[in-house]
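Participant: Numbering (UniProt numbering) for the sequence shown: 1 to 352. To start, I am sharing the structure in question, which I have written as structure tokens.
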Amino acid sequence: MSSKDSAEFDESNPEEIKEEFKRLKALLKSEASKNTKLATDLEQFRALYEREHRKYQQVSRDYEVEMEKRDRQLEKREQEIFELEEHRQRLLTNNENVKSEVTALNQQNRSLTEKLCTVQKQLLEERNKSLPNPVGNETALFEAENKVEELKATIASMKAEVSRLLTTNFDLDDRAKQLEAELTKAATDQESMRALIKCQQTDLENSREKIQELEVEVHQLNSQIAGDMPVAAKGNSLFAEVIDGKDRVEKDLALLHKKHAQLQKDYNRVSKIAYTNSMSNSISRDGYKLQGPTLSVFKMVNSELSIRLEEKMRLIEKCHVLEDAERKNVIKFAKENPADFNIFQEHLNSMV
Numbered sequence: 001m002s003s004k005d006s007a008e009f010d011e012s013n014p015e016e017i018k019e020e021f022k023r024l025k026a027l028l029k030s031e032a033s034k035n036t037k038l039a040t041d042l043e044q045f046r047a048l049y050e051r052e053h054r055k056y057q058q059v060s061r062d063y064e065v066e067m068e069k070r071d072r073q074l075e076k077r078e079q080e081i082f083e084l085e086e087h088r089q090r091l092l093t094n095n096e097n098v099k100s101e102v103t104a105l106n107q108q109n110r111s112l113t114e115k116l117c118t119v120q121k122q123l124l125e126e127r128n129k130s131l132p133n134p135v136g137n138e139t140a141l142f143e144a145e146n147k148v149e150e151l152k153a154t155i156a157s158m159k160a161e162v163s164r165l166l167t168t169n170f171d172l173d174d175r176a177k178q179l180e181a182e183l184t185k186a187a188t189d190q191e192s193m194r195a196l197i198k199c200q201q202t203d204l205e206n207s208r209e210k211i212q213e214l215e216v217e218v219h220q221l222n223s224q225i226a227g228d229m230p231v232a233a234k235g236n237s238l239f240a241e242v243i244d245g246k247d248r249v250e251k252d253l254a255l256l257h258k259k260h261a262q263l264q265k266d267y268n269r270v271s272k273i274a275y276t277n278s279m280s281n282s283i284s285r286d287g288y289k290l291q292g293p294t295l296s297v298f299k300m301v302n303s304e305l306s307i308r309l310e311e312k313m314r315l316i317e318k319c320h321v322l323e324d325a326e327r328k329n330v331i332k333f334a335k336e337n338p339a340d341f342n343i344f345q346e347h348l349n350s351m352v
């Protein structure tokens, strides 16, 4: 009841006192009904907060489990990449050795061919000289023919070896082309990952702007709770503070719900990125993917994603701090207004 209302009736007039009493009784009944509704709403808000908090804790646990699983997969992939890189280096070394061996065999083949021509020429000359000395010529001819047969056998063996080495060389060339195609694909994947990282950077900037907006709202709530506005300016009603408290609770719960929704969205997006990253960078031992320069690109992308995830975790921790600060401010408000708080609490107990 305000001072203005007190001056509107004569305290010596019983009828006016009775009317004022009825009015106050009706007002008290109305305020009691409002307080009952506020108490019910407060319990509902508390239950909603507990549910959201449990969901948030479950999401955090699932997030940690997913990150541990992803870390194990990344370690396994890095080991496979290391082994495949060693195998690739061995293939390149073998390819160079085979090329050198083929060159040497080709040179030897030309030398043997020239030698065969020389022997055939000598054999023809010996045959032309066979008439004066038949016995000696026959012996020389027999030896020359044996030598020719040996040379033919050696040449045939060398031709077979050259054919085998050429086949191996062709296989290695095909393998080299396959590796070049895989490196080209890896370069394309690298560009895709860069685009994904750029998108993540944009999302991170948006998240930072949202955090700044939330900090401004929290600062405004703290200013209201700290009593920047005089209590008298809000009216002399006993339950004005209760209504203000209800509004603050609704704002706090809306803010917490907004924070939870944003964190849930960030978690789902990061989990999807981690899953897409692990699937697009999965490596088969038979396919020999992500080799050579792709290994460094893979590690760079993994490092940047890890940094993004750490920043998300820091944002979550910051939200925890803001939540604790809001709770402390509500407690501080109750301590600074003990009389009104006790009256309100007694009234609630009587209603119960």
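Backbone N, C-alpha and C define an ideal beta-carbon position, used for all residues, glycine too. Fair warning: this is a prediction, and the values are worked out from it, not measured in the lab.
For the putative contact between Leu105 and Leu165, defined by C-beta atoms under 8 Å, what is the C-beta separation to the nearest angstrom?
Facilitator: Indeed they touch by this definition, with Cβ atoms about 7 Å apart.
Participant: Does the pairing of the region 154–163 with the region 102–117 give three or more beta-carbon distances under 8 Å?
Facilitator: Yes: at least three Cβ pairs fall under 8 Å.
Participant: I want to see whether chain C comes within less than 8 Å of Lys121, judged by CB atoms only; does it?
Facilitator: The structure shown contains no chain C; it holds only a single protein chain.
Participant: Would you call Leu84 buried or exposed, if buried means 16 or more other Cβ atoms sit within 10 Å of its Cβ?
Facilitator: So Leu84 counts as buried.
Participant: Does DSSP put Asn95 in a helix, a strand or coil?
Facilitator: Helix at Asn95.
Participant: Can you tell me whether Asn13 is helix, strand or coil according to DSSP?
Facilitator: Note: Asn13 maps to coil in three-state DSSP.
Participant: Would DSSP call Asn337 helix, strand or coil?
Facilitator: Here Asn337 sits in coil by DSSP.
Participant: Give me the Cα-Cα distance between Tyr49 and Arg61, rounded to the nearest whole angstrom.
Facilitator: Roughly 18 Å between the two C-alpha positions.
Participant: What is the C-beta distance between Val148 and Val119, in whole angstroms, given that I count them as a contact (C-beta under 8 Å)?
Facilitator: Confirmed, Cβ separation roughly 6 Å.
Participant: With H, G and I counted as helix, E and B as strand and the rest as coil, what does DSSP make of Val65?
Facilitator: Helix at Val65.
Participant: Would Arg88 pass as a contact of Leu172 if the rule is Cβ separation under 8 Å?
Facilitator: No, they are not a contact pair.
Participant: Would you call Ile81 buried or exposed, if buried means 16 or more other Cβ atoms sit within 10 Å of its Cβ?
Facilitator: That one is buried.
Participant: Taking Cβ to Cβ, would you say Thr184 is nearer than 8 Å to Val98?
Facilitator: In this structure, Val98 does not lie closer than 8 Å to Thr184 by Cβ.
Participant: Can you grab the Cα-Cα spacing for the pair Lys25 / Asn35, in whole Å?
Facilitator: Looking at the two C-alpha atoms, the distance is approximately 15 Å.
Participant: Compute the Euclidean distance between the alpha carbons of Leu27 and Leu42, then round it to the nearest angstrom.
Facilitator: Cα to Cα, the separation comes out at about 22 Å.
Participant: Measuring only the C-alpha atoms, how far is Arg77 from Arg46?
Facilitator: If I take the Cα positions, the gap works out to 46 Å.
Participant: Quick one: using the 10 Å Cβ neighbour count with 16 as the cut-off for buried, is Ala186 buried or exposed?
Facilitator: Buried, because 16 or more other Cβ atoms sit within 10 Å of the Cβ of Ala186.
Participant: If I'm right that Arg175 touches Leu124 with Cβ under 8 Å, what's the distance once you round it to whole angstroms?
Facilitator: Between Leu124 and Arg175 the Cβ distance is about 48 Å, and since that is not below 8 Å, they are no contact.
Participant: Taking the alpha-carbon positions, what's the Asn337 to Glu310 distance?
Facilitator: C-alpha separation (whole angstroms): 41 Å.
Participant: Could you tell me which of Ile307, Glu20, Lys265 sits nearest to Tyr56, measuring between CA atoms?
Facilitator: It is Lys265 whose Cα lies nearest to the Cα of Tyr56.
Participant: Once you ignore the five residues that flank Gln108 on each side, which residues in its own chain have a CB closer than 7 Å to its CB?
Facilitator: Met158, listed in sequence order.
Participant: Quick check on the burial criterion: 16 or more other C-beta atoms within 10 angstroms. Buried or exposed for Arg70?
Facilitator: Buried, because 16 or more other Cβ atoms sit within 10 Å of the Cβ of Arg70.
Participant: Expressed to the nearest angstrom, what Euclidean distance is found between the alpha-carbon atoms of Ala195 and Val102?
Facilitator: When rounded, the distance between both Cα atoms is 46 Å.
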